[in-house]
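Sequence lines, in order, name chains V and Z. In this text, residue positions in the first sequence follow our numbering: the first is 18, and each later residue adds one. In this text, residue positions in the second sequence follow our numbering: the first is 336, and each later residue adds one.
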Amino acid sequence: MSKFSFLSGKIGKLFLAPFGDDNPITVKVLGICSALAVTVKIKPAFVMALSVTVVTAFSNLIISLLRNGIPSRIRIIVQLVVVALMVIIVDQFLKAFVYDVSKQLSVFVGLIITNCIIMGRLEAFALANKPFPSFIDGLGNGFGYGLILIVVAFFRELLGSGTIWGYSIIPASLYAKNNGFYVNNGLMILPPTALIIIGLIIWWQRSRRKNLIDIS
Amino acid sequence: MHSNRYIFIYSVVMVVVVAITLSIVVLILKPFQEANIRTEKIQNILTSINIQSNKKESQDMYKKYIKEELLIKNDGTYRQGSAFDVKLKDELKKDISKREMPLFIAETDDGKRHYIVPLWGRGLWGAIWGYISFNDDLNTVFGALFDHKSETPGLGAEISTRAFQEQFINKKIFDDNGNFVSVHVIKGGAPKGDIHGVDAISGGTITSNGVNMMLKENVGFYVNYFKTLKNTNNHE
Numbered sequence: 018m019s020k021f022s023f024l025s026g027k028i029g030k031l032f033l034a035p036f037g038d039d040n041p042i043t044v045k046v047l048g049i050c051s052a053l054a055v056t057v058k059i060k061p062a063f064v065m066a067l068s069v070t071v072v073t074a075f076s077n078l079i080i081s082l083l084r085n086g087i088p089s090r091i092r093i094i095v096q097l098v099v100v101a102l103m104v105i106i107v108d109q110f111l112k113a114f115v116y117d118v119s120k121q122l123s124v125f126v127g128l129i130i131t132n133c134i135i136m137g138r139l140e141a142f143a144l145a146n147k148p149f150p151s152f153i154d155g156l157g158n159g160f161g162y163g164l165i166l167i168v169v170a171f172f173r174e175l176l177g178s179g180t181i182w183g184y185s186i187i188p189a190s191l192y193a194k195n196n197g198f199y200v201n202n203g204l205m206i207l208p209p210t211a212l213i214i215i216g217l218i219i220w221w222q223r224s225r226r227k228n229l230i231d232i233s
Numbered sequence: 336m337h338s339n340r341y342i343f344i345y346s347v348v349m350v351v352v353v354a355i356t357l358s359i360v361v362l363i364l365k366p367f368q369e370a371n372i373r374t375e376k377i378q379n380i381l382t383s384i385n386i387q388s389n390k391k392e393s394q395d396m397y398k399k400y401i402k403e404e405l406l407i408k409n410d411g412t413y414r415q416g417s418a419f420d421v422k423l424k425d426e427l428k429k430d431i432s433k434r435e436m437p438l439f440i441a442e443t444d445d446g447k448r449h450y451i452v453p454l455w456g457r458g459l460w461g462a463i464w465g466y467i468s469f470n471d472d473l474n475t476v477f478g479a480l481f482d483h484k485s486e487t488p489g490l491g492a493e494i495s496t497r498a499f500q501e502q503f504i505n506k507k508i509f510d511d512n513g514n515f516v517s518v519h520v521i522k523g524g525a526p527k528g529d530i531h532g533v534d535a536i537s538g539g540t541i542t543s544n545g546v547n548m549m550l551k552e553n554v555g556f557y558v559n560y561f562k563t564l565k566n567t568n569n570h571e
């Protein structure tokens, strides 16, 4: 375990907490909107997760570097400008290097700006912490968000399209159109299913971690 | 507490720095993005004559298969010109008599000529476009490709799947009397043996209607050219 010793320290905690008890989607219930929109297939969900991670990590870093100079009266505007800058850069990179995926994600890359996780981490963490921990916090939250996105996309793609990462999993001969019995579940493709799956994940998580249950 | 002066200067500097950064990033990445768009267009044109190509070889394949590029007028006259560089969207805004629409003539490995018509129309959320190719009888569909900007995934966006596009193959655009009827996307499914109809997408009605409109408008423009060409072919 010595290889992962950095995960046991304070920095490690910052990185790991968003995967479990501090997960941005299932515990803080932030960033739900994009979790509904881009989780029909795994590949776009993966690229989206990566993009959000880059944006949270670097916005956190930049804001943390600037934190002593930012006038508190316009701090939200400053955060917004930094986030927008990062999002546009990511969007331009996607268009240049993974054109087909960027087409699938279309407007949702631009909408990362409105992802509550990013502003949430800037306000709650980066403004009060040093650059390196802020960067790690951003990475952790991005990955924590991505984890849920990919889990949701896995079930939606498997049950809704019968594929994983675009490769067919269900044998073609089982399908009703080839005289089999199987039909893809069309409901899985529609956004409400994402809510149901996220709901199930939250249920599962809270039934195992009693400390997350809000008694009030 | 910072003074107003500080806040103003801070904002101005911030905006300028961000603007410069973005301009640099966009300038650096622009050639890559334009190359992507060009390659995609080439691949789309090739797909419409049922030739799949990857990014690397598409350029060469295009040169190999596409023999002629023409600009067609509504009255059926035409001239040679770079059809590839025509912006269909702008051309469609012009008055119908002033339009010069692009046409690609391809020759497949079996030596047969195919006529590729580019398409541009409206879906539910944004633009839809595509390419449809015809056999040298200028009636039977050889292949089709559709794409879209922002149709709903799983619903309207299904027009970009091969399953939807392959339905168009071997459909006919003229009826027995030689009248132009186009190919229709039929809600609830086309009857078996319908040579002018294909199945619409369930849940994608507005996109399907968009495809109908697009085919009728765009292909309709070439009808005069097709008729003249058919006549000359018959006389030869």
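Ideal Cβ placement from N, Cα and C applies to all residues, glycine included. All values derive from a computational prediction rather than experimental measurement.
Top-ranked residue by Cα proximity to residue i, from the options
i: I401(Z); options: T412(Z), I407(Z), T382(Z); result: T382(Z)
i: E140(V); options: A66(V), S81(V), L207(V); result: S81(V)
i: K562(Z); options: G532(Z), F509(Z), V353(Z), K424(Z); result: F509(Z)
i: L357(Z); options: K45(V), V98(V), I186(V); result: V98(V)
i: N409(Z); options: N566(Z), T567(Z), Y560(Z); result: Y560(Z)
i: A101(V); options: W455(Z), H519(Z), M349(Z); result: M349(Z)
i: Y345(Z); options: L31(V), P88(V), V64(V); result: P88(V)
i: G177(V); options: T210(V), Y162(V), A145(V), S151(V); result: T210(V)
i: Y466(Z); options: D511(Z), N379(Z), T540(Z), Y397(Z); result: N379(Z)
i: K522(Z); options: N512(Z), G528(Z), V516(Z), G539(Z); result: G539(Z)
i: S537(Z); options: R225(V), L212(V), G203(V); result: G203(V)
Classification of residue i by the beta-carbon crowding that lies within 10 angstroms, buried from 16 upward
i: S11(V); result: Because residue 11(V) is not part of the residues shown, which for chain V are 18 to 233, the question remains open.
i: D154(V); result: buried
i: M336(Z); result: exposed
i: Y341(Z); result: exposed
i: M18(V); result: A caution first: M18(V) carries a pLDDT of 41, below 50, which makes its placement in the model unreliable, though a value can still be read off. M18(V) should be labelled exposed.
i: F149(V); result: exposed
i: P188(V); result: exposed
i: F497(Z); result: Residue 497(Z) is actually Arg in this sequence, not Phe. R497(Z) comes out exposed.
i: I186(V); result: exposed
i: Q96(V); result: buried
i: T43(V); result: buried
i: K30(V); result: exposed
Minimum Cβ-Cβ distance from residue i to chain Z less than 9 Å
i: R90(V); result: yes
i: V95(V); result: yes
i: Y192(V); result: no
i: Q222(V); result: no
i: A113(V); result: yes
i: L166(V); result: no
i: Y116(V); result: yes
i: K27(V); result: no
i: I87(V); result: yes
i: I129(V); result: no
i: V200(V); result: no
i: F110(V); result: yes
i: S123(V); result: yes
i: L234(V); result: Here chain V covers residues 18 to 233 and nothing more, so residue 234(V) does not appear.
Which residues DSSP lists as bridging residue i, in chain order
i: G532(Z); result: H519(Z)
i: W464(Z); result: W455(Z), D482(Z)
i: S185(V); result: T180(V)
i: I436(Z); result: Going by the sequence as given, residue 436(Z) is Met instead of Ile. Paired residues: I407(Z).
i: K507(Z); result: T475(Z)
i: I384(Z); result: Bridge partners of I384(Z): none, in fact.
i: Y415(Z); result: Residue identity differs from the one stated: residue 415(Z) is Gln in this sequence, not Tyr. Partner(s): L405(Z).
i: H449(Z); result: A441(Z)
i: Y192(V); result: Y199(V)
i: F125(V); result: Looking at the DSSP assignment, F125(V) forms no beta bridge with any residue, so it has no partner.
Below-9 Å beta-carbon distance, residue i vs any chain V residue
i: P526(Z); result: no
i: L490(Z); result: yes
i: Y341(Z); result: yes
i: E375(Z); result: yes
i: K484(Z); result: yes
i: Q394(Z); result: no
i: I384(Z); result: no
i: Y466(Z); result: no
i: I530(Z); result: no
i: T542(Z); result: no
i: Y397(Z); result: no
i: V353(Z); result: yes
Closer than 8 Å: residue i CB and nearest the ligand FAD heavy atom
i: G177(V); result: Looking at this structure, you won't find the ligand FAD or any other ligand, since it has none at all.
Any C-beta of chain A under 9 Å from that of residue i
i: K60(V); result: Absent from the structure is chain A; the protein chains it does hold are V and Z.
Between the region 449-458 of chain Z and the region 360-370 of chain Z, are three or more C-beta pairs nearer than 8 Å?
no
Is there contact between the region 499-514 of chain Z and the region 530-542 of chain Z, where contact requires at least three CB pairs shorter than 8 Å?
yes
For the region 486-494 of chain Z against the region 374-388 of chain Z, do three or more pairs of beta-carbon atoms, one drawn from each stretch, fall closer than 8 Å, so that the two count as touching?
no
Does the region 44-55 of chain V touch the region 124-142 of chain V, meaning 3 or more C-beta pairs lie closer than 8 Å?
yes
Indicate whether the contact test is met: 3 or more Cβ pairs, each with one atom in the region 470-480 of chain Z and one in the region 536-545 of chain Z, closer than 8 Å.
no
Whether or not the region 434-445 of chain Z and the region 455-463 of chain Z are in contact is what I'm after, with contact meaning three or more pairs of Cβ atoms, one per stretch, closer than 8 Å; do they touch?
no
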